[in-house]
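Colleague: Sequential numbering from 847 applies to the first sequence in this note's numbering. Backbone N, C-alpha and C fix where the C-beta goes; we use that ideal spot for every residue, glycine too. What you are looking at is a predicted structure, and each value in this text was computed from that prediction instead of being measured. Before we start, here is the structure in question, set down as C-alpha cells.
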Amino acid sequence: MNFNERCYSILRKVPRGKVVTYGDLAKAAGSPNAARAVGNAMNRNPYAPQVPCHRVVGSTGKMVGFAEGVSKKIKMLKEEGVEVMDGNVDMDKYFYT
DNA sequence: CATATGACACTAT
DNA sequence: AATAGTGCCATAT
Numbered sequence: 847m848n849f850n851e852r853c854y855s856i857l858r859k860v861p862r863g864k865v866v867t868y869g870d871l872a873k874a875a876g877s878p879n880a881a882r883a884v885g886n887a888m889n890r891n892p893y894a895p896q897v898p899c900h901r902v903v904g905s906t907g908k909m910v911g912f913a914e915g916v917s918k919k920i921k922m923l924k925e926e927g928v929e930v931m932d933g934n935v936d937m938d939k940y941f942y943t
C-alpha cells in the first residue's frame, strides 16, 4: 500500500458535508509533512469519482486548487451542504475530526 | 538513478 | 494584513 492509496482510503471515509486539510490527511497517511504529496495524489486521482477529493482544502480552510477548477470544487461542496464564502470553508463547523 | 513538478504549510518581509 | 520566499514529500519523466 503506497502513500497515495492510503490517502484515497482515508479520504474515502470522510463523510459528505465535511472537509479535511492536506496536512492532516498527510499526517493520517503517515507523513506529517507530505501535504504537497497529497495534493499531487489528488491531482492525478486515479479513483476519480470514488474518492471525494473535493473535500480536501488548505490548512486554513482556504481553497487551494482542483483539477477541474476551484469553482467546480466549491460548487460541489456547496451541494453537500458546506458553506463556502469567497473560497473559504468554515473549519470549526465542517472540518472532519 | 537523477531531475523536475505540484491541488501545501510555514516563516519572514 | 498581504505578499514573497523556503522547506518537504511522493510521483512522474
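1. Looking at A881: is its Cβ nearer than 8 angstroms to the Cβ of R852?
2. Starting from the Cα of K939, find the closest Cα among I856, G885, G907, L871 and give me that residue.
3. Measuring only the C-alpha atoms, how far is E929 from L857?
4. I'd like the span of the alpha helix (DSSP H) that includes F849, first residue to last.
5. With DSSP run on the structure shown, which of helix, strand or coil describes M922?
6. Reducing DSSP to helix, strand and coil, say where N934 ends up.
Modeller: Taking the structure as given:
1. no
2. Ranking I856, G885, G907, L871 by Cα distance to K939 puts G907 first.
3. 20 angstroms
4. Here the alpha helix (DSSP H) through F849 covers 849 to 859.
5. DSSP places M922 within a helical segment (H, G or I) once states are collapsed to three.
6. Residue state, collapsed to three classes: strand.
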